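Protein chains: 2
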Amino acid sequence: MIALDTIREAHDRIRPHIHRTAVLTNQTINEKANARLFFKCENFQKIGAFKARGGLNAVLQVAANREGKAITTHSSGNHAQAVAFAARQVGLPAYIVMPRTAPQVKKDAVLGYGAEVIECEPTLDAREAGVRTVMERTGAVLVHPFDDDRVIAGQATAAKELIEDYGQEARFDLILAPVGGGGLLSGTALSTRYLSPGTRVVAGEPEGAADAILSFQSGRVEKAPYINTIADGLMTSLSERTLAIIRTHVTDILTVSDAEIIAAMRLVWERMKIIIEPSCAVPLAVVLKHPDQFAGQKVGIILTGGNVDLGKLPF
Amino acid sequence: MIALDTIREAHDRIRPHIHRTAVLTNQTINEKANARLFFKCENFQKIGAFKARGGLNAVLQVAANREGKAITTHSSGNHAQAVAFAARQVGLPAYIVMPRTAPQVKKDAVLGYGAEVIECEPTLDAREAGVRTVMERTGAVLVHPFDDDRVIAGQATAAKELIEDYGQEARFDLILAPVGGGGLLSGTALSTRYLSPGTRVVAGEPEGAADAILSFQSGRVEKAPYINTIADGLMTSLSERTLAIIRTHVTDILTVSDAEIIAAMRLVWERMKIIIEPSCAVPLAVVLKHPDQFAGQKVGIILTGGNVDLGKLPF
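Okay, here's the thing in structure tokens:
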């Protein structure tokens with residue numbers, strides 16, 4: 001189990017490289033939700049998403065311990081940018097295996113951090129094979145997007161900051177995060193357990209990638225019955241590691257439809273004037289869908305990221 | 001001439017009703033501009049724009065002095081919402097004359113603050129006639145969008161906050177604001193003159209509404225040669241009042257094309273993850289267009305507002 005000290009050390013390690021992001025509130029959305037919502041704005045984080053935290057915590061340790069001569073991972077999303085960014089901070093080469101179908105804008109972002117992009121077929125097998133080849137060729141160390149205690153401890157620092165900065169004022173009844181592979185949710189649950197033990201942790205998941213809710217119920221890592229959602233950051237299944245933490249420390253997982261996700265995303269854009277990506281809107285969609293459950297509550301929400309393709313908006 | 005004490009009193013008057021908005025910086029945009037930019041985020045202001053400041057300062061005084069039984073104005077933009085919002089704060093009825101061609105979403109926003117919308121033909125004559133009819137019928141007082149010292153003193157509080165909060169750290173070489181009717185620019189110039197006298201004030205104006213640059217040169221209120229710009233908040237001409245302040249206290253007015261405005265707007269959306277409207281992107285477009293003029297400078301920029309129709313984006 002990841003100890004509180006491990007999360008504190010992670011925070012000290014990454015602090016010089018990250019933003020302590022703002023926490024915003026919005027009167028109109030509070031009125032609509034009939035609750036007091038505190039949004040932790042990781043869309044303002046380096047690389048535009050909380051993933052910078054976990055990527056940095058892992059990569060800084062790989063570099064300090066001289067565990068390898070390079071870093072690798074496979075991802076088409078924010079974790080790819082996070083690892084590329086973190087590797088640049090420590091001066092290690094980064095090799096990012098990306099499906100050839102990934103948008104050019106995402107490949108360009110990774111290239112922009114000085115990493116090498118290795119294209120592969122868009123299957124999990126091909127991605128994992130690509131990473132193995134890189135590791136053999138370059139001596140690179142894999143930084144997994146979520147199945148890694150160092151990554152989880154890094155992601156835990158977002159909720160830690162939220163509680164440190166607003167826990168006294170807000171006395172959170174709940175903290176909400178979205179769930180994909182479960183790295184952020186695990187870290188959020190651990191920080192909340194340690195630093196605000198009376199606060200429940202609830203996850204939001206898209207209906208079109210509903211694996212975590214199944215795994216949460218059965219206790220085994222399950223696959224989603226189907227994958228079809230606009231929340232492209234939340235398509236992954238849990239690992240044994242994240243499921244164990246989530247089963248122990250998370251109260252509930254609630255699902256929302258893509259229409260509900262888009263409506264919540266639009267509400268945040270229009271009312272808060274900040275840009276969030278679809279995956280990021282899932283917890284607010286949960287709150288708006290279940291007004292009875294959240295009425296009168298003080299709710300912390302991790303806004304996970306703001307990386308959207310402005311040419312392909314769902315509005 | 002509006003005195004510093006008048007601006008201070010305006011600030012004290014409106015402070016309970018407004019946000020002291022954040023000032024954001026962005027490393028990528030600084031690198032691109034080769035300058036240090038400090039963005040005063042009035043897109044996070046009440047009603048989504050700085051106009052709340054001037055509207056409130058005028059309406060609160062109308063109410064306190066019992067100058068009329070209601071408030072009226074004509075506007076299809078943020079001033080309409082500002083006056084409706086301010087009137088609600090003091091419990092006075094508001095009658096907003098809007099061209100029948102204004103987007104329904106803007107009419108709805110005004111209605112949402114409890115104001116009455118009076119539709120008219122989309123000409124300045126019809127709008128002014130509409131306001132006269134309202135004044136005769138209801139005893140309402142007109143709050144002009146910019147040709148009013150109380151409105152200018154209210155708008156001046158944005159630059160006042162920027163200087164109070166970041167002037168010590170930034171020691172601004174320049175402060176930039178866009179210019180439409182000149183209310184914000186006048187207020188910005190006055191606050192800067194009083195509170196940071198070594199700082200130059202420069203305005204940005206769209207090529208497709210280039211009246212202020214002509215008036216600035218000739219010393220007379222001029223019309224734009226043509227009106228055709230995406231910056232819908234900046235189509236108005238100056239008044240004698242705003243021109244006099246601007247000629248005395250503003251260093252320069254620089255113009256930018258719609259393509260430059262859209263590129264600057266997109267850069268802010270993508271990199272800062274905040275929503276700004278086209279008019280709001282004009283000063284940054286000016287900085288990016290003239291790298292020689294701004295290289296190495298410390299620049300305050302008033303981000304004026306974030307009210308966009310998400311269904312009609314220029315990307």
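Order-wise, the sequence lines are chains D and P.
Position 27, counted from 1, in the first sequence is what this note's numbering calls 27; the numbers after and before it change by one each time, with no gaps.
Position 79, counted from 1, in the second sequence is what this note's numbering calls 79; the numbers after and before it change by one each time, with no gaps.
All residues carry an ideal CB built from backbone N, CA and C; glycine is no exception.
The model shown is predicted, which means the values in this text are computed figures rather than measured ones.
One question on the structure: do D/F85 and D/L56 come within less than 9 Å of each other, judged by their Cβ atoms? yes
Are the CB atoms of D/T229 and D/A209 nearer to each other than 9 Å? The Cβ atoms of D/T229 and D/A209 sit closer than 9 Å to each other.
DSSP three-state assignment for D/R241, whether helix, strand or coil: helix
Is the beta carbon of D/T199 closer than 9 Å to that of D/D173? yes
Contact between the segment 140 to 158 of chain D and the segment 55 to 71 of chain D is defined here as three or more beta-carbon pairs at a separation below 8 Å; is this criterion met? yes
Distance cutoff 9 Å, beta carbons only. Does P/I18 sit that close to anything in chain D? No, because no Cβ of chain D sits closer than 9 Å to the Cβ of P/I18.
With DSSP as the reference, please indicate the residues paired to D/D314 in a beta bridge. The question names Asp, but residue 314 of chain D in the sequence shown is Pro. DSSP, once it has assigned bridges, lists no residue as partnering D/P314.
Short-range partners of chain P found in the segment 250 to 267 of chain D, where Cβ spacing is below 8 Å: Near chain P, meaning a CB-to-CB distance below 8 Å, the residues of the segment 250 to 267 of chain D are R266.
Mind checking which residues open and close the beta strand (DSSP E) that includes P/H74? 70 to 74
Taking 9 Å as the CB-CB cut-off, is D/E270 touching chain P? yes
Among P/A33, P/E205, P/G77, the one whose alpha carbon lies nearest that of P/D108: P/G77
Exposed or buried, what is D/S75 when buried is set at 16 or more other beta-carbons lying within 10 Å of its beta-carbon? buried
Interface residues of chain D facing P/K273 [CB-CB closer than 7 Å]: N43, F44, G48, I274, I275, G306
Note down, in chain order, every chain D residue with its Cβ under 7 Å from the Cβ of P/A82. Neighbours of P/A82 on chain D: none; closest Cβ ~16 Å, over 7 Å.
Between the alpha carbons of P/I96 and P/Y194, how many angstroms are there, rounded? Distance from the CA atom of P/I96 to the CA atom of P/Y194, rounded to whole angstroms, is 34 Å.
Would the segment 259 to 273 of chain D and the segment 22 to 40 of chain D be scored as touching if the rule is three or more Cβ pairs under 8 Å? yes
Which runs of the beta strand (DSSP E), 3 residues or longer, sit entirely within the segment 31 to 71 of chain D? 36 to 41
Tell me whether D/K69 is buried or exposed, calling it buried when 16 or more other Cβ atoms sit within 10 Å of its Cβ. Its Cβ having fewer than 16 others within 10 Å, D/K69 is exposed.
In its own chain, which residues sit with a C-beta less than 7 Å from the C-beta of D/P103, not counting the 5 before and 5 after it? D309
Test: P/F172 CB closer than 9 Å to a CB of chain D: no
Chain-ordered neighbours of D/G114 on chain P, where CB pairs are closer than 9 Å: What D/G114 touches in chain P: nothing, since even the nearest Cβ is about 14 Å away.
I'd like to know whether the C-beta atoms of D/R127 and D/P93 end up nearer to each other than 9 Å. Contact flag unset, no.
Would D/L310 count as contacting chain P if we go by Cβ distances under 9 Å? yes
Exposure of D/M1, with buried meaning 16 or more beta-carbon neighbours within 10 Å: exposed
Starting from D/T188, trace the alpha helix (DSSP H) both ways and give me its first and last residue. Start and end: 183 to 195.
Compare the Cα-Cα distances from P/L184 to each of P/V250, P/Y166, P/V221, P/V256 and report the closest residue. P/V250
Taking only beta-carbon positions, decide if P/F146 is within less than 9 Å of chain D. Closer than 9 Å: no.
Run the CB neighbour count on P/F315, radius 10 Å, all protein chains shown included, and call it buried at 16 or more, exposed below. exposed
Sequence-distant residues of its chain with Cβ nearer than 7 Å to D/L254 (five each side left out): V202, G204, V286, H290
Buried or exposed: P/Y226, going by 16 or more other Cβ atoms within 10 Å of its Cβ? By the C-beta density criterion, P/Y226 is exposed, having fewer than 16 other C-beta atoms within 10 angstroms.
Are the CB atoms of P/V131 and P/V62 within a distance shorter than 9 Å? no
Which same chain residues end up closer than 7 Å to P/R241 when comparing Cβ atoms and leaving out the 5 residues on each side of it in sequence? D147
Measuring only the C-alpha atoms, how far is P/I152 from P/G311? 32 Å
9 Å Cβ cut-off: residues of chain P touching D/L313: L310, L313, F315
For the alpha helix (DSSP H) holding P/G130, just list the boundary residues, first then last. 124 to 138
So P/I213 and P/N43 are supposed to be a Cβ contact under 8 Å. How far apart are they, rounded? Not confirmed; about 25 Å, so no contact.
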